[in-house]
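Protein sequence lines correspond, in order, to chains A and B. Heads up: the first sequence is residues 1 to 227, going by this note's numbering. Heads up: the second sequence is residues 1001 to 1227, going by this note's numbering. Where a beta carbon is used, it is the ideal one built from N, C-alpha and C, also for glycine. Keep in mind the model is a prediction, meaning the values are calculated, not measured.
2 protein chains.
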Amino acid sequence: MKQFTKYIIKNSLKRIFLYRACLSRLKLMGVEKVFSYTLANETGVTSEQVRKDFSEFGIKGNKKGGYNTNELLEVMENIFHRNKEHNIILIGMGNLGIALSKHSQFIQRNMNIVATFDIDPFKQKVRSDIPVYSLSRLKEIIDRFKVKVAILAVPEISAQEVTDELVRLGIKGIVNFAPVLLKVPQDVIINNVNLCNELESVIYYVHQQIKADGSKNLELLYKGMKY
Amino acid sequence: MKQFTKYIIKNSLKRIFLYRACLSRLKLMGVEKVFSYTLANETGVTSEQVRKDFSEFGIKGNKKGGYNTNELLEVMENIFHRNKEHNIILIGMGNLGIALSKHSQFIQRNMNIVATFDIDPFKQKVRSDIPVYSLSRLKEIIDRFKVKVAILAVPEISAQEVTDELVRLGIKGIVNFAPVLLKVPQDVIINNVNLCNELESVIYYVHQQIKADGSKNLELLYKGMKY
DNA sequence: GAAATGATGTGAAACAATTCACAAAATACA
DNA sequence: TGTATTTTGTGAATTGTTTCACATCATTTC
Ligand SMILES: NC(=O)c1ccc[n+]([C@@H]2O[C@H](COP(=O)([O-])OP(=O)(O)OC[C@H]3O[C@@H](n4cnc5c(N)ncnc54)[C@H](O)[C@@H]3O)[C@@H](O)[C@H]2O)c1
Ligand SMILES: NC(=O)c1ccc[n+]([C@@H]2O[C@H](COP(=O)([O-])OP(=O)(O)OC[C@H]3O[C@@H](n4cnc5c(N)ncnc54)[C@H](O)[C@@H]3O)[C@@H](O)[C@H]2O)c1
């Protein structure tokens, strides 16, 4: 039986990020028209792949005319809901948390860290433009700013307990920097960013003496390689 | 014709990281014997997948007896060359660079940041245990410590030029935090870590109202999901 | 305005990854 | 000792993804 659900594939979504990065650059350079093979060359995928990905997201181009850079970028912004403002909170204002709170790109991309939280009263003194609160104010802020996504930069040991509280208060997505596999209900999305693992991946591939077959971006090397 | 090359698949490598995280925890809890379905439950994959992944990396268990936690962990450490010391350098001691340089887990995992570099003489004053050098000393340090892997935390605008220099001096793998697609020779591995993208992925999936089908870890949601 | 060209878009084919199904082996237990 | 049970390990089947091949159409050229 034919299903009525449609599937969006993670890999294609990942590639959309690549295309967008490439398009942003081309736009800055004043390029108005872009072809599938341009994006393909720049990102290390094939041009068929680019077009298949586009078709997956319903993106149409002009026969012989390629794609309009601005339109394409706009479609991609919409895919990632960048037309809307997103209120984010950040838990844990330690080394990493402070760096993240100062990262200007989040704001440029409509992702506003509306507040940060730390258990340590000392850290709660303002150390950046963004206020640092005690965890007791979590509910208030989440409700007020309708926050759905949180960044978690607390020590491994506290990560699960903080997560439980966030989920209880209605958070639906977490970018987690602590090296633990968090347990959450089915409807909550966890994106683990483990910087040690990222480094170890590179070490792994460097050791395997990868002669990458076309692309050199690790995120695209999912197909496998000789060793 | 049968090929003599063997392929290691990126997805399975990614899952090995998950299994390892899980095993570390089980080890701390004093668990000596682990079954494929234990790891499967904990990580959200199927037990067949666990065994297939293991067979890919040549890991053998005991029929009915499962796997020995310690042995399994050891094999995984070897996969990631954690028995060897790895000398790493870090370029760009701004907000992110400082946070990374203070991250203790790198050392715990045999990845030593032997030196950091910054173009700004002010930043070159010691701000952590690790020395901060001018870029003029790159060659000396890379040669002395036989550095093959670098962490790049410089602004977008300088990322490519610094990369060119690193590659020229023999660096073979880069973890890149700048939101640009770096151009490097075929034999150099780039692992782009784009924290904005990681956040946007979460926003994307939260918006799609994902009811994740088994696993809630974004890195495993490559298979696709209903919306 | 007809022919050549150059790009998209997409079924079909090829390839890759996962799941299924079950044999084989180790252990437990009667 | 033999039978039941449990878990691994892996071919086969299925499912998913990428590449191929080419029809199609817009544009340029003659
Ligand atoms: N520093 C890095 O570059 C880096 C890199 C990769 C991963 N990480 C991970 O990110 C996390 C944070 O790292 P860090 O270096 O910033 O550590 P850190 O110790 O400097 O900061 C942790 C902060 O969390 C706060 N905190 C502790 N328990 C809390 C709780 N229950 N609720 C709210 N806040 C709490 C602490 O007061 C502290 O300010 C860790 O899990 C670490 O493993 C850090
Ligand atoms: N801060 C974050 O949390 C964060 C998050 C995601 C991505 N990033 C990315 O990481 C990079 C660094 O971010 P940041 O916030 O630390 O920026 P930053 O401006 O605080 O730090 C950049 C550092 O690089 C140094 N630098 C500049 N040009 C250099 C060169 N040619 N050689 C060596 N050093 C040079 C500067 O002196 C500065 O110390 C940026 O590309 C940023 O987009 C940062």
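Assigned exposure category for residue i - 16 Cβ within 10 Å defines buried
i, result
"R20 of chain A", "buried"
"N1197 of chain B", "buried"
"N1176 of chain B", "buried"
"F1122 of chain B", "exposed"
"R15 of chain A", "buried"
"S1055 of chain B", "exposed"
"I89 of chain A", "buried"
"L28 of chain A", "exposed"
"V31 of chain A", "exposed"
"S1201 of chain B", "buried"
"D213 of chain A", "Its pLDDT being 42, under 50, D213 of chain A is placed unreliably by the model, and the measurement read from it follows with that caveat. When all chains shown are included, D213 of chain A counts as exposed."
"P179 of chain A", "buried"
"S1104 of chain B", "exposed"
"G173 of chain A", "buried"
"D120 of chain A", "exposed"
"S1101 of chain B", "buried"
"G1092 of chain B", "buried"
"E1156 of chain B", "exposed"
"S136 of chain A", "exposed"
"D129 of chain A", "exposed"
"N95 of chain A", "buried"
"D53 of chain A", "buried"
"I1113 of chain B", "buried"
Per-residue contacts from residue i into chain A (C-beta, under 9 Å)
i, result
"R1234 of chain B", "The question about residue 1234 of chain B has no answer, for chain B in this structure spans 1001 to 1227."
"L1152 of chain B", "Simply none; closest approach about 11 Å."
"I1091 of chain B", "Within 9 Å Cβ-Cβ: nothing; I1091 of chain B doesn't reach chain A, min ~14 Å."
"I1141 of chain B", "None at all; the shortest Cβ gap to chain A is about 18 Å."
Chain-ordered neighbours of residue i on chain A, where CB pairs are closer than 8 Å
i, result
"P1179 of chain B", "A21 and Q105"
Within chain A, partners of residue i - CB distance below 7 Å
i, result
"K1148 of chain B", "V206"
Within chain B, the residues that residue i reaches when beta carbons sit closer than 8 Å
i, result
"I59 of chain A", "Result: empty, since nearest Cβ-Cβ is about 16 Å, beyond 8 Å."
"N62 of chain A", "Here the premise fails: no neighbours, minimum Cβ distance about 25 Å."
"L13 of chain A", "S1201 and Y1204"
"L18 of chain A", "L1181"
Local conformation of residue i per DSSP, three classes
i, result
"G92 of chain A", "coil"
"S1076 of chain B", "Checking the sequence shown, residue 1076 of chain B turns out to be Met, not Ser. Of the three classes helix, strand and coil, the one that applies to M1076 of chain B here is helix, per DSSP."
"H1207 of chain B", "helix"
"N1197 of chain B", "helix"
"N191 of chain A", "strand"
"N11 of chain A", "helix"
"F1057 of chain B", "coil"
"R25 of chain A", "helix"
"K1084 of chain B", "coil"
"F145 of chain A", "coil"
"S158 of chain A", "helix"
"V1050 of chain B", "helix"
"L100 of chain A", "helix"
"Q1105 of chain B", "helix"
"L1169 of chain B", "coil"
"V184 of chain A", "coil"
Residue i - partner residues in DSSP beta bridges
i, result
"V45 of chain A", "Answer by DSSP bridge pairing: none, since V45 of chain A is not bridged."
"A1150 of chain B", "B:I1089 and B:I1174"
"N1068 of chain B", "B:K1033"
"A115 of chain A", "A:I89"
"Y1133 of chain B", "B:F1117"
"N1062 of chain B", "B:G1066"
Listed by chain order, chain B residues near residue i by CB distance under 9 Å
i, result
"V193 of chain A", "V1193, L1195 and E1198"
"I157 of chain A", "Within chain B, no residue comes near I157 of chain A; the closest Cβ sits about 11 Å away, beyond 9 Å."
Neighbour list for residue i in chain B, Cβ cutoff strictly below 7 Å
i, result
"F54 of chain A", "What F54 of chain A touches in chain B: nothing, since even the nearest Cβ is about 17 Å away."
Near ligand 4: residue i beta-carbon under 7 Å from a heavy atom
i, result
"H103 of chain A", "Absence of ligand 4 is noted for the structure shown, with ligand 1 and ligand 2 being the only ligands found."
Under 8 Å (Cβ pairs) to chain A, residues found in the segment 1162 to 1176 of chain B: Flagged, chain order: K1172, G1173, I1174 and V1175.
Contacting positions in the segment 120 to 138 of chain A - beta carbon closer than 8 Å to chain B: So the list is empty, because no residue satisfies the distance condition.
Under 9 Å (Cβ pairs) to chain A, residues found in the segment 1024 to 1049 of chain B: Answer in chain order: S1024, R1025, E1042, T1043 and G1044.
Residues within the segment 96 to 107 of chain A neighbouring chain B, beta-carbon criterion of under 8 Å: Only L96, I98, A99, L100, K102, H103, Q105 and F106 from the segment 96 to 107 of chain A bring a Cβ to less than 8 Å from some Cβ of chain B.
Short-range partners of chain A found in the segment 1067 to 1084 of chain B, where Cβ spacing is below 8 Å: Hits within the stretch, in order: I1079, F1080, H1081 and R1082.
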